[in-house]
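Q: The sequence shown begins at 0 in numbering that gives the first Met the number 0 and counts up by one. Cβ atoms here follow ideal geometry from the backbone N, Cα and C, with glycine treated the same way. Fair warning: this is a prediction, and the values are worked out from it, not measured in the lab. Below you will find the structure I want to go over with you.
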Amino acid sequence: MTIRVLLADDQNLVRAAFALLVASAPDMDVVGEAGTGRQAVELARTQRADLVVMDVRMPDLDGIEATRLIAADEDLAGVRVLVLTTYDTDENIVEALRAGASGFLVKDTKPAELLDAIRTVTAGDALLSPGPTARLIERFLRSPSALQSAGSGPDCLSDRERQVLALVARGLNNTEIADTLGLSPLTAKTHVSRIMGKLGARDRAQLVIVAYESGLVTPGTGRRQQPLEGADVALEVEP
């Protein structure tokens, strides 16, 4: 399968460098280049890209709003967004993840890491761990003002699903979740898929946002407040 990649960045030299890199991969094609967020949305619709590499700061329409429009378009349900930022402390990236991005990279990422990230996100996984995304979310959500929609937690989930969601929020993959909870990897994957369906999340990145914003996982020491049945993990999980 060839991954159809759309590049969105307002700097011509940056786009050209990314285009050469992506085109060098045997399993990828560059299907379009956009200099503004609005162009990115239009090209995502017309070129049927699998993934958009999206800069945050762009003229006309920034990368966050462009990501939100792509994620909200039912015709673009299969399009993933990988956001680029200059600094990993850019708080806008959290808004991009809320808008529907599947992960982010800083612009000084090594070329091979960018190609791996494109493959990871296109496959339906969030670029969360290892990497800075989960750490950035945790740092940002330490601020009480960031938890604007915090509540008592995803009430529609079962106890086991809440356990799985908490582990996803800490950056564990399906195999690690299975090992932690004494499940098979297939069962862990099924739980994650069911949670995404119940919460209306596109991928694991949005599950992380939900877990923190709902108060299910509390940013802080990383130690659990109460034990999880059958689990031995360093978590701080609200009852």
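With DSSP as the reference, label D28 as helix, strand or coil.
A: Within the sequence shown, residue 28 is the residue found at index 29, counting from 1. In this structure, D28 counts as strand in the three-state DSSP scheme.
Q: Look at the Cβ atom of A33, then the Cβ atom of A7, and state whether they are nearer than 8 Å.
A: Taking the sequence shown and counting its residues from 1, one reaches residue 33 at position 34. Taking the sequence shown and counting its residues from 1, one reaches residue 7 at position 8. Yes, they are a contact pair.
Q: Looking only at its own chain, which residues have a Cβ that is under 7 Å from the Cβ of V209, when we skip the five neighbours before and after it?
A: Translated into positions along the sequence shown, residue 209 becomes position 210. If we look at V209 and ignore the five residues flanking it on each side, its Cβ neighbours are P153, L198 and A200.
Q: Taking DSSP as the reference, what is the three-state secondary structure of D241?
A: Look at the range of the chain in this structure, 0 to 238, and you will see that residue 241 is not part of it.
Q: Going by beta-carbon coordinates alone, are V82 and M57 separated by less than 8 Å?
A: Here residue 82 refers to the residue found at position 83 when the sequence shown is read from its first residue. Here residue 57 refers to the residue found at position 58 when the sequence shown is read from its first residue. Against a cut-off of 8 Å, the Cβ pair of M57 and V82 comes out as no contact.
Q: Bridge partners of R79, per DSSP?
A: Working through the sequence shown from its first residue, we reach residue 79 at position 80. Looking at the DSSP assignment, R79 forms a beta bridge with L50.
Q: What residue does the beta strand (DSSP E) around L104 start on, and which one ends it?
A: Walking along the sequence shown from the start, residue 104 turns up at place 105. First-last of the beta strand (DSSP E) with L104: G102 to V105.
Q: Once the 5 residues before and after V21 are set aside, which same chain residues still bring their CB inside 6 Å of it?
A: The residue labelled residue 21 in the question sits at position 22 within the sequence shown. Taken in chain order, the residues that qualify are V4, M27 and V29.
Q: Assign N11 to buried or exposed, taking buried as 16 or more other Cβ atoms, counted over all protein chains shown, within 10 Å of its Cβ.
A: Sequence index remark: in the sequence shown, residue 11 carries index 12 (1-based). It counts as exposed.
Q: Tell me where the alpha helix (DSSP H) around K164 begins and ends.
A: In the sequence shown, the residue the question calls residue 164 occupies position 165. Residue 164 is actually Leu in this sequence, not Lys. D158 to A168 is the span of the alpha helix (DSSP H), which, as asked, contains L164.
Q: Please report the straight-line C-alpha distance between T186 and G214, rounded to a whole angstrom.
A: The residue given as residue 186 occupies position 187 in the sequence shown. The residue given as residue 214 occupies position 215 in the sequence shown. Rounded to whole angstroms, T186 to G214 spans 25 Å at the Cα level.
Q: Which whole-angstrom value is the C-beta distance of L164 and L104, which I expect to be below 8 Å?
A: Taking the first residue of the sequence shown as 1, we reach residue 164 at position 165. Taking the first residue of the sequence shown as 1, we reach residue 104 at position 105. With 8 Å as the limit, L164 and L104 do not qualify as a contact, their Cβ atoms being about 25 Å apart.
Q: Since A122 is in the alpha helix (DSSP H), which residue starts that stretch and which ends it?
A: In the sequence shown, the residue the question calls residue 122 occupies position 123. Careful: A122 lies outside any alpha helix (DSSP H) and carries neither H nor E.
Q: Give me the Cα-Cα distance between I63 and R79, rounded to the nearest whole angstrom.
A: Within the sequence shown, the letter at position 64 stands for residue 63. Within the sequence shown, the letter at position 80 stands for residue 79. Those two C-alpha atoms are separated by around 13 Å.
Q: Use the C-beta contact count for L19: other C-beta atoms within 10 angstroms, 16 or more gives buried, fewer gives exposed.
A: Numbered from its first residue, the sequence shown carries residue 19 at position 20. So L19 ends up on the exposed side.
Q: Using the three-state DSSP reduction, which class does G7 fall into: helix, strand or coil?
A: The residue given as residue 7 occupies position 8 in the sequence shown. Note that residue 7 is Ala in the sequence shown, not Gly. A7 falls in the strand class under three-state DSSP.
Q: If you count every other CB in all the chains shown that lies within 10 Å of the CB of T121, and 16 or more means buried, which is it?
A: Here residue 121 is taken as the residue at index 122 of the sequence shown, counted from 1. By the 10 Å Cβ count, T121 comes out buried.
Q: Grab me the residues of T174's own chain with a C-beta within less than 8 Å of its C-beta, minus the 5 sequence neighbours each way, in chain order.
A: Looking up residue 174 in the sequence shown gives position 175. Result list for T174: P184 and A187, in chain order.
Q: Which of the three DSSP states is assigned to A210 in this structure?
A: The sequence position of residue 210 within the sequence shown is 211, counting from 1. Helix.
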